[in-house]
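Q: Just dropping this structure here.
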Amino acid sequence: MEVAPVITSEANLTCLKFAPLINQNIIHFFLAKPNQSGFKTGKTHPEVIDTALQTLKLPIRPVISLQQVHGNRTLILDRKSSPSSLNLPATADALFTNRNDLYLTVRVADCLPIYVYDRDNRIVGLIHAGWRGTLLEIARRALSAAQEKLGLNPASCSVLLGPCIKSCCYQVSAEVALLFSFNSIYNRSLKHYLDLCNVNQDQLSEMGVEEQNIFRVPYCTCCNANLYYSYRRSKNKAERMYAVLGLR
């Protein structure tokens, strides 16, 4: 199901929220493009989020970010974990927690950010999925890790597939196209285009997330230059955007 973002602008911050997550007992947002002043990637990721939290008048808490490597490893933070004792940022592309005293974040500029909220068990997670991580089944493996270590129940999860590059723009090589199933590759004028959302939604469904609880943001990051940064559109020089999620 497609859901348009709710867009708000304040100071130098453009913030997206998503209707399926707004009435849940969580804090979530997505920092989009018009954030040039004070939100450059020269800042550390926690500093970027702290600035946004202050602007949005949200509680200040530790921000857990990752050293993203387009892999399939998941960082799990349970109530026994102390962020100060961990070697952060961890090398991983997904993170899940059942704690309500911190925020999770991943950064993107065409890759797919996936928000996960288990309503019954009060667990949140974020997943960073580019084509490499998607091929390595990052979405399926992340839910499986959270299921094993935190007791996540996919059937009680709401999942939001956030802003990413769409099949209208995501051209891949013939070699990469052959790695994916037919329902995720579109062929136009002898060129191959990948649909990241289709592949990841299939993985989520296989894990037991109900179809009516999987939501997509319809707009392409590469097409919509006014709202989104795009690694591909900017020829590898794009700033980053941030998905943020935490329990209330």
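For the numbering used here, add 165 to where a residue sits in the sequence shown, where the first one is 1.
Idealized CB from N, CA, C, for every residue including glycine.
(1) Here's the rule: buried if 16 or more other CB atoms are within 10 angstroms of the residue's CB, otherwise exposed. What is R306?
(2) Figure out for me which residue from G327, P328 and S349 has the closest Cα to the Cα of V337.
(3) Please classify N288 as buried or exposed, where buried requires at least 16 neighbouring CB atoms within 10 angstroms.
(4) Look at the Cβ atom of L260, then the Cβ atom of L240, and state whether they are nearer than 8 Å.
(5) Which one or two residues does DSSP pair with P170 in a beta bridge?
(6) Beta carbon of S230, beta carbon of T270: below 8 Å?
(7) Have a look at G316 and S354 and give me their C-alpha separation to the nearest angstrom.
(8) Mind pulling the alpha helix (DSSP H) runs of 4 or more residues that sit fully within the region 305 to 350?
(9) Residues bridged to K356 by DSSP?
(10) Rounded to the nearest angstrom, what separates R244 and L267 at their Cα positions?
(11) Counting contacts by CB-CB distance shorter than 8 Å, is N265 in contact with chain B?
(12) Am I right that C329 and V273 are in contact with their C-beta atoms under 8 Å? What's the rounded C-beta distance?
(13) To which residues of the same chain is K314 closer than 6 Å at the C-beta, ignoring the five residues directly before and after it?
(14) So, is V281 buried or exposed, given that buried needs 16 or more other C-beta atoms within 10 angstroms?
(15) Please state if the CB of N265 and the CB of S323 are separated by a distance shorter than 8 Å.
(16) Tell me which residues share the same chain as K182 and place their Cβ nearer than 6 Å to its Cβ, disregarding the 5 neighbours each side in the sequence.
(17) Just verifying my parser: in three-state terms, what is the DSSP assignment at Q201?
A: Put simply:
(1) Here the question's residue 306 lines up with position 141 in the sequence shown. Looking at its Cβ environment, which holds 16 or more other Cβ atoms inside 10 Å, R306 is buried.
(2) For the purposes of this step, residue 337 is taken as the residue at position 172 of the sequence shown. Ranking G327, P328 and S349 by CA distance to the CA of V337 puts S349 first.
(3) Position 123 of the sequence shown holds residue 288. Checking the displayed sequence, the identity of residue 288 turns out to be Ile instead of Asn. Buried is the call here.
(4) Here residue 260 corresponds to residue number 95 of the sequence shown, with the count starting at 1. Here residue 240 corresponds to residue number 75 of the sequence shown, with the count starting at 1. Closer than 8 Å, so yes.
(5) On the sequence shown, residue 170 is found 5 positions in, with the first residue counted as 1. Per DSSP, the beta bridge partners of P170 are F183.
(6) Position 65 of the sequence shown, counted from the start, is the residue given in the question as residue 230. Position 105 of the sequence shown, counted from the start, is the residue given in the question as residue 270. Yes, the pair counts as a contact, with Cβ atoms nearer than the cut-off.
(7) The sequence position of residue 316 within the sequence shown is 151, counting from 1. The sequence position of residue 354 within the sequence shown is 189, counting from 1. Rounded to whole angstroms, G316 to S354 spans 47 Å at the Cα level.
(8) Secondary structure remark: continuous alpha helix (DSSP H) runs of at least 4 residues inside the region 305 to 350, in chain order: 339 to 342.
(9) For the purposes of this step, residue 356 is taken as the residue at position 191 of the sequence shown. Note: K356 sits in a beta bridge opposite R353.
(10) Taking the sequence shown and counting its residues from 1, the one referred to as residue 244 is at position 79. Taking the sequence shown and counting its residues from 1, the one referred to as residue 267 is at position 102. Spanning the two alpha carbons is a distance of roughly 11 Å.
(11) Judged by its chain identifiers, the structure shown contains no chain B, having just a single protein chain.
(12) In the sequence shown, residue 329 corresponds to position 164, counting from 1. In the sequence shown, residue 273 corresponds to position 108, counting from 1. Yes, they are in contact, since the Cβ atoms of C329 and V273 sit about 7 Å apart, within 8 Å.
(13) Within the sequence shown, residue 314 is the residue found at index 149, counting from 1. Only I241 meet the Cβ criterion.
(14) Here residue 281 refers to the residue found at position 116 when the sequence shown is read from its first residue. When all chains shown are included, V281 counts as buried.
(15) Translated into the one-based positions of the sequence shown, residue 323 becomes position 158. Translated into the one-based positions of the sequence shown, residue 265 becomes position 100. In this structure, the beta-carbon distance from S323 to N265 does not fall below 8 Å.
(16) Indexing the sequence shown from 1 puts residue 182 at position 17. Its chain contains V171 and F194 as the residues whose beta carbon lies nearer than 6 Å to that of K182, once the 5 sequence neighbours on both sides are disregarded; these appear in chain order.
(17) Walking along the sequence shown from the start, residue 201 turns up at place 36. Low local confidence applies: a pLDDT of 49 at Q201 is under 50, so the model's placement there is unreliable, with the coordinate-based value given in what follows. In this structure, Q201 counts as coil in the three-state DSSP scheme.
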